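To start, the structure under review is shown below, and the notes come after it.
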Amino acid sequence: MTGPHAAEPGAEAPVLPEIWELRLYVIGRSPKCARAIENLQAACEQHLAGRYHIEVVDLRESPRLAADDQILAVPTLVRKLPPPIRKIVGDLSNTDRLLVGLQLRPRRGEAT
Amino acid sequence: MSALADDTAGPGLPKAPTGIGGLDEITGGGLPNGRSTLVTGGTGSGKTLLGLQFLVAGAREYGEPGVLVTFEESAEKVSANVASLGFDLDGLQQDGLLVVYAFRVDPSAVLETGEFDLEPLFLLLGDTIEHVGAKRVVLDTIELLFGAFQSQAIVRAELGRLFRWLEDRAVTAIVTSERGDTGLTSHGIEEYVSDCVIVLDHRIDDQISTRRLRVVKYRGSAHETNEYPFLISARGFMVLPITSVALDYRAPQERISTGVTRLDHMLAGGLFRGSTVLVSGTAGTGKTTLAAHLIDSACARGERTLLVLFEESPDQVIRNMRSVGLDLRRWVEAGLLRIWAARPTAFGLETHLAILARLIEEFTPSAAVLDGIAGLAHGSSGAEVSSMIARQIDLLKARGITAMATTLAREDEASTVGISSLVDTWLLLRNVESDGERNRLLYVLKSRGSAHSNQVREFVLTDHGAELLDVYVGPAGVVTGSARVAQEARERSAELQQSEDLMRRSRELRRGIMEQEAQLAVLQDELAAGRAELERIEERGRRQVADAEATRSVIASHRWADPTPGDEGRQR
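Protein sequence lines, in the order shown, are assigned to chains Z and B.
Residue numbers are given in this note's numbering: position 94 of the first sequence equals residue 94, and the series is strictly consecutive.
Count along the second sequence starting at 1, add 1000, and that's the number in this note's numbering.
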């Protein structure tokens, strides 16, 4: 970010929150879910070190939560903060897509 | 269970009744129990409603709680949409008989990376089956679930797994699907849900829409394969399994009046209850009036009657019938007569049939009149109309309802031959033109199982209803109208003449008798006088003889004369 915004440092504060709140819905410890947890943790460590919080929700403990939180598939990662809420379905094996999904990396072709 | 269901249900194949009138008949008892059924059809074809009715019937009537998983709308919207049909989804949910899970799917808000499964759906359903005892599941609609994900192969595989999983738990499921361009569904789901496939159709021919249902496949069970019209009414989904009506009507011996006394005589005492009468005739021959008589007499007996009008409005008919002295309004007000004006162009033939079926079910009439069935022919082929009317008649017959159908027909009798074989009694009304007049004639063309008059009657509309009069057959054929009146006058005068002749003759004879009696009296007087004279003369004679003898004996004693030998004894 350059230009006029540089003169007002406070304006950049909401863009990058202190803590990323991520919730990963899983069911038990299936290979897919285990992979998703690993992949997520690895990506967060790399890109959001110290600024993230991952909550792993096992739907088996409360099946109705799937309906309340609109979770049809597992694993599903939900970015609760920063807004807007984003959902990423799958075992997160493609790190690039995960980062795009979390909006940690701009889509291809956009400037960094 | 009906005989039909017994015949068609395969042994050992339990069914889950849908509670949908007609559908359970077609399928021989319902959907395959513990298996999945695919319901496919276009937008607005009634898939969701079919599924919901299945759930509601299960919860309310068959003690089978259910789960609805919808990807279409929010739970509130689903409840609101069907509340008008009398489905209290909220109430059923509160009673723990129904659970609704609504998923809003928005593909643009979801990103996919790597493998996933639909285990949450299994988990939810498993939880509900365990806690609510759900026996029925509806997934509505499957295309939206596919739309939520990019990996179609995963969704397809997961759904296949879901159906097997449901089957293992003996849950009866309905999966609704949008009909695809090539196959039954866009995603080939029918390969997985192969036990029962129902196709719903919402067709528009000549700007008239008709809903139809067909059971394409039903593994292990006989089923009716025809297309059936169905209706989405204020009471929900209703299918009309018309062709499954067997020819096993009851045939009561009871006769009921047509409302026209002389017509009853012509039919040897009236119509058989539950029989079907066709009244055909040209325009203005009094078909509706004849029908109104039937209605009037049925209502007067306190029987509920249904009048279906295909050509006129109820007000118009009530007004017209009042002019011939038939007050139908009082029967409407008394709740004995229900009039339904069905513009033939308003719905397709099947919808008409469906509405008729519903009216019959609701109102349970003992007699019904279908007025102006020829009107149905607008924009439909003759074969379709005949088949439709046949179904209507079947519908009425199967329920023992005495029915009268009136139809406009040309002078040639063959024009209504398509349905004439279905009716028990066929009355033909004709106009005859003679002496510058048109007059109405009524014939009984046929009357099954009953003696009937072979004579033609003149049919006259008076201000106190229809009347039948004898017609005169003269050298120029039947004599009607003014010619009949003239003929009647001639006959009356001839009769008069004849009776005057008789009077005169009897007067003459009486006079003759009186004269002869007078003569007889004179003669008897003379006879009596003669007899009296004779008596007097004879008496005088006897007295003279006695005097003479007495005189002789005095003389003899005076002379001491010898006694005569005959007098010896007397002398001693």
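Note that beta-carbon positions come from the ideal geometry of N, C-alpha and C, so glycine has one too.
Everything numeric in this text was worked out from a predicted model, so none of it was measured.
For residue i, three-class secondary structure by DSSP
| i | result |
| --- | --- |
| Ser1553 of chain B | helix |
| Trp1560 of chain B | coil |
| Arg1440 of chain B | strand |
| Thr1345 of chain B | coil |
| Val1423 of chain B | coil |
| Glu1076 of chain B | helix |
| His1464 of chain B | coil |
| Glu1495 of chain B | helix |
| Gly1530 of chain B | helix |
| Asn1431 of chain B | strand |
| Leu1376 of chain B | helix |
| His1223 of chain B | coil |
| Val1155 of chain B | helix |
| Leu1092 of chain B | helix |
| Gly1160 of chain B | helix |
| Ala1414 of chain B | Model confidence at Ala1414 of chain B stands at a pLDDT of 48, short of 50, so the residue's coordinates are unreliable and nothing is read from them. |
| Leu1213 of chain B | strand |
| Leu1052 of chain B | helix |
| Leu1395 of chain B | helix |
| Leu1370 of chain B | strand |
| Leu99 of chain Z | helix |
| Phe1087 of chain B | coil |
| Arg1510 of chain B | helix |
Chain-order list of residues whose beta-carbon lies under 8 angstroms from that of residue i (same chain, five-residue window excluded)
| i | result |
| --- | --- |
| Leu81 of chain Z | Pro17, Ile19, Trp20, Glu21 |
| Leu59 of chain Z | Tyr25, Val26, Ile27, Leu65, Ala66, Ile71, Val74 |
| Glu1143 of chain B | Ser1177, Glu1178, Thr1185, Ser1186, His1187 |
| Gly10 of chain Z | Low per-residue confidence applies at Gly10 of chain Z: pLDDT is 43, beneath 50, and the placement is therefore not dependable enough to give any value. |
| Leu1353 of chain B | Pro1229, Leu1240, Ile1242, Met1388, Arg1391, Gln1392, Leu1395 |
| Gln1152 of chain B | Phe1146, His1187 |
| Thr76 of chain Z | Leu24, Tyr25, Lys87, Ile88, Val89 |
| Leu1534 of chain B | none |
| Ala1283 of chain B | Leu1408 |
| Arg1338 of chain B | Arg1304, Thr1305, Leu1306, Leu1307, Val1332, Leu1359, Phe1363, Pro1365 |
Cutoff 7 angstroms; reference residue i; Cβ partners in own chain excluding five residues on either side
| i | result |
| --- | --- |
| Ile1318 of chain B | Leu1328, Arg1329 |
| Gly1281 of chain B | Lys1287, Ala1409, Leu1428, Leu1429, Arg1430 |
| Leu1271 of chain B | Arg1255, Ile1256, Thr1258, Val1277, Thr1402, Thr1425 |
| Cys33 of chain Z | Val26, Ile27, Val74, Pro75 |
| Leu1125 of chain B | Val1067, Val1137 |
| Ala1483 of chain B | Ser1434, Asp1435 |
Beta-bridge pairing of residue i - partner residues as DSSP gives them
| i | result |
| --- | --- |
| Tyr1218 of chain B | B:Cys1196 |
| Cys1047 of chain B | Reading off the sequence shown, one finds Lys at residue 1047 of chain B, where the question assumed Cys. Beta-bridge pairing links Lys1047 of chain B to no other residue. |
| Tyr1062 of chain B | Bridge partners of Tyr1062 of chain B: none, in fact. |
| Met1238 of chain B | B:Gly1021, B:Leu1231 |
| Val26 of chain Z | Z:Asp58 |
| Arg1179 of chain B | B:Thr1185 |
| Glu18 of chain Z | BP columns for Glu18 of chain Z are empty, so no partner. |
| Phe1149 of chain B | Answer is none; Phe1149 of chain B lacks a bridge partner. |
| Glu1112 of chain B | Z:Val89 |
| Pro955 of chain B | Residue coverage of chain B in this structure runs from 1001 to 1572, which leaves residue 955 of chain B outside it and unanswerable. |
| Asp1470 of chain B | B:Arg1457 |
| Thr1406 of chain B | B:Val1279, B:Asp1371 |
Close beta carbons around residue i, own chain, < 6 angstroms, minus the five adjacent residues each side
| i | result |
| --- | --- |
| Leu1023 of chain B | Val1239 |
| Ala1341 of chain B | Leu1309, Ser1313, Pro1314 |
| Ala1173 of chain B | Ser1036, Val1137, Leu1166 |
| Asp1296 of chain B | Gly1259, Leu1326 |
| Glu1311 of chain B | Gly1372, Gly1375 |
| Gly1481 of chain B | Glu1437, Asn1439 |
| Gly1236 of chain B | Gln1053, Leu1085 |
| Leu1336 of chain B | Cys1299, Arg1304 |
| Lys1015 of chain B | Gly1029, Gly1030, Asn1033 |
| Asp1097 of chain B | Going by the sequence as given, residue 1097 of chain B is Leu instead of Asp. The residues are Ala1059, Pro1065. |
Any non-hydrogen atom of the ligand SAH within 8 angstroms of residue i CB
| i | result |
| --- | --- |
| Ala1390 of chain B | Absent from the structure shown: the ligand SAH. Ligands present: none. |
Within chain D, the residues that residue i reaches when beta carbons sit closer than 8 angstroms
| i | result |
| --- | --- |
| Val89 of chain Z | The displayed structure is made up of protein chains Z and B, and chain D is not among them. |
Counting Cβ pairs, one atom from each stretch, are 3 or more of them under 8 angstroms apart for the region 1163-1183 of chain B and the region 1040-1054 of chain B? Under the 8 angstroms Cβ criterion, the region 1163-1183 of chain B counts as touching the region 1040-1054 of chain B, having at least three qualifying pairs.
What residue ranges within the region 1270-1316 of chain B form continuous beta strand (DSSP E) runs of no fewer than 3 residues, ordered along the chain? If we require 3 residues or more, the beta strand (DSSP E) runs fully inside the region 1270-1316 of chain B come out as 1276-1281, 1305-1309.
Answer yes if the region 1052-1062 of chain B comes into contact with the region 1082-1092 of chain B, meaning at least three C-beta pairs across the two stretches below 8 angstroms, and no otherwise. A contact exists between the region 1082-1092 of chain B and the region 1052-1062 of chain B.
Which runs of the alpha helix (DSSP H), 4 residues or longer, sit entirely within the region 52-91 of chain Z? Listed in chain order, they are 65-68.
So within the region 1114-1143 of chain B, which uninterrupted alpha helix (DSSP H) runs reach at least 4 residues, ignoring any that extend past its ends? Runs found: 1119-1132.
Are the region 1258-1270 of chain B and the region 1441-1458 of chain B touching by the rule of at least three beta carbon pairs closer than 8 angstroms? As far as the Cβ criterion goes, the region 1258-1270 of chain B touches the region 1441-1458 of chain B, which means the pair count is three or higher.
For the 8 angstroms Cβ check, are there 3 or more pairs between the region 1057-1075 of chain B and the region 1193-1204 of chain B? Contact fails: fewer than three Cβ-Cβ distances are below 8 angstroms.
Segment contact flag, the region 89-100 of chain Z with the region 36-48 of chain Z, C-beta cutoff 8 angstroms, min 3 pairs: Yes, the region 89-100 of chain Z is in contact with the region 36-48 of chain Z.
Would you say the region 1456-1469 of chain B touches the region 1301-1308 of chain B, given that touching needs at least three Cβ pairs under 8 angstroms? No, because fewer than three Cβ pairs between the region 1456-1469 of chain B and the region 1301-1308 of chain B fall closer than 8 angstroms, the two stretches do not touch.
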